[in-house]
Structure formats: C-alpha cells, structure tokens
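Q:
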Amino acid sequence: MTYRIALALLLACAAPLAAQTTVPSAIAEAPKDDLVKVALETGAGRIVIAVDRRRAPLTAANFLRYVESGKYDGESIYRAMPYGDGGFIQGGITSDAAKLGKAIEHEPTSKTGLKHVAGAVSMAHLGPGTAKADFFILTTDIPALDATDADQGFAVFGHVVEGLDVARKILVMPVSPTKGEGALKGQMLEPAVKIVKAEKLPD
1473 MTYRIALALL LACAAPLAAQ TTVPSAIAEA PKDDLVKVAL ETGAGRIVIA VDRRRAPLTA
1533 ANFLRYVESG KYDGESIYRA MPYGDGGFIQ GGITSDAAKL GKAIEHEPTS KTGLKHVAGA
1593 VSMAHLGPGT AKADFFILTT DIPALDATDA DQGFAVFGHV VEGLDVARKI LVMPVSPTKG
1653 EGALKGQMLE PAVKIVKAEK LPD
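Quick note, the working numbering runs 1472 ahead of the 1-based positions in the sequence shown.
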C-alpha cells in the first residue's frame, strides 16, 4: 500500500495543476478498515471489541461465527495472567466441547501486521493451527506473543474500543491457589466471570 500511495503522489506531482483537483485513484482505492464491533456483556461490566476482518479475515470470521451462533453466551472469562504492569484475561467455551467448531488456520502477526499491545484481542491455542474458541485480552503490551522467525506466536484479530477498564478489573480478581495445571496453576479465576451475552453491534 505504501508503494502504491508513493507512486500516486509521484504521478500527481507530474500532472498539470488543473488535473490535481481530482483524488489520485490509487489513494481512493486504498483498502479501508473493515471493523465489526462485538459487545461482551460480562458479570464485571461491558467490553466492546472491534474485530478486524480486513487484516485477520480467517480468525475474525471464526470469532464472529461463535458470537452470531450464541455459543459464547453463558460461558466465562476464567483466567487472569499477570505480566509486568498488567497482563491478560482469557475466556471462551469450557462448558460443553460439543459447542466447539473445528480448529482454524493460524494467522500470525507477521502476516496481519497486528500486534500484541494493550487492548489487543488474540486467539488462545496449544500450537499454531489448534485455535478454536478461546480468546484473550491484553491490558498491557506483550510483544513476546508476536510472531518471530522461530515462533509463530498468537493471532491478534481485534482490539478493545470500550471497557479496557473492565478487563483490568477482572485481571486483579481472586484466583484459586490450587486450580489449573502446569503454568495455569494460580491463574484460574474463582469465581470465573460470566459472559452473559456476546453480540454484534449495529454498524
């Protein structure tokens, strides 16, 4: 896109002054954001996510399928992981494995250009290509989750546009000292925070 815009500006500079009253076609045709807002009504408050269908089309479509089918309703945000001056919270489907769809293809940050910064929403997985429904919301920058040459990282697909304060509140809620296995021990919220409803918002 940078090359196309630079080329358009070069052509515009070379054109007669009278012709410069029109917008260069390369700029007019530049891809626009395709964001869909999703509201998560939780027991701790409302979180609104802008889902990025242009940059992360596969991951965004997967998340929106769960939202539109109502499969997140009644589920929970169940994990809080501190990191630096913040951390992330994780939620998804834990009540019934039958609600889970197929695992999706991994869209690394090196491909989408999205980053794990404060407010980013990303898919949880046990390895690239295993993500299904679980997602996490960052309250601080965690660049270690981005893709590198040695690690494909996690797939960011949106960002919080309202309610990051709610995510921060959930992050410091009580956790069980015994629940969770391995690295998850001490990170499981007790009680978990209910996702009352997840729904697309009007454009």
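Ideal Cβ positions, reconstructed from N, Cα and C, are used throughout, including at glycine.
Here the structure is a predicted model, which means the values were calculated and not measured.
How about residue 1508 and residue 1672: do their beta carbons lie closer than 8 Å?
A: Yes, the pair counts as a contact, with Cβ atoms nearer than the cut-off.
Q: Closest to residue 1628 by C-alpha separation, out of 1660, 1569, 1577 and 1635, would be which residue?
A: Ranking the options by Cα distance to residue 1628, first place goes to 1577.
Q: Could you check where the beta strand (DSSP E) with residue 1552 kicks off and where it finishes?
A: Element bounds for residue 1552: 1548-1555.
Q: Which residues in the same chain have their Cβ closer than 6 Å to the Cβ of residue 1534, if we skip the five residues on either side of it in sequence?
A: Correct list, in chain order: 1576.
Q: Would you say residue 1541 lies against chain B (beta-carbon separation less than 8 Å)?
A: Structure shown: chain B not included; a single protein chain is present.
Q: Specify, as a first and last residue, the run of the beta strand (DSSP E) that residue 1667 falls within.
A: Start and end: 1660-1672.
Q: Could you tell me if residue 1579 is buried or exposed, where buried requires 16 or more neighbouring beta carbons within 10 angstroms of its beta carbon?
A: Its Cβ being crowded by 16 or more others within 10 Å, residue 1579 is buried.
Q: Count the C-beta pairs between the stretch 1515-1532 and the stretch 1628-1641 that are closer than 8 Å, then say yes if the count reaches three, no if not.
A: Segments in contact, yes.
Q: Nearest to residue 1582 by CA position, among 1528, 1662 and 1663, is which residue?
A: Cα-wise, what sits closest to residue 1582 is 1528.
Q: Going straight from the alpha carbon of residue 1493 to that of residue 1563, what length do you get?
A: Reliability of the predicted coordinates at residue 1493 is poor, the pLDDT of 40 falling under 50, and the value obtained from them is presented with this limitation in mind. If I take the Cα positions, the gap works out to 51 Å.
Q: Rounding to the nearest angstrom, what Cα-Cα distance links residue 1595 and residue 1551 in this structure?
A: Going by the C-alpha atoms only, they are around 14 Å apart.
Q: Would you tell me roughly how many angstroms separate the C-alpha atoms of residue 1599 and residue 1573, rounded to the nearest one?
A: About 16 Å.
Q: In this structure, what does DSSP give as the bridge partners for residue 1518?
A: According to DSSP, residue 1518 bridges with 1513.
Q: Using three-state DSSP, classify residue 1572 as helix, strand or coil.
A: Coil at residue 1572, not helix or strand.
Q: From what residue to what residue does the beta strand (DSSP E) around residue 1627 run?
A: Per DSSP, residue 1627 belongs to the beta strand (DSSP E) from 1627-1634.
Q: Thinking C-beta only, is residue 1512 closer than 8 Å to residue 1667?
A: Yes, the Cβ-Cβ distance between residue 1667 and residue 1512 is below 8 Å.
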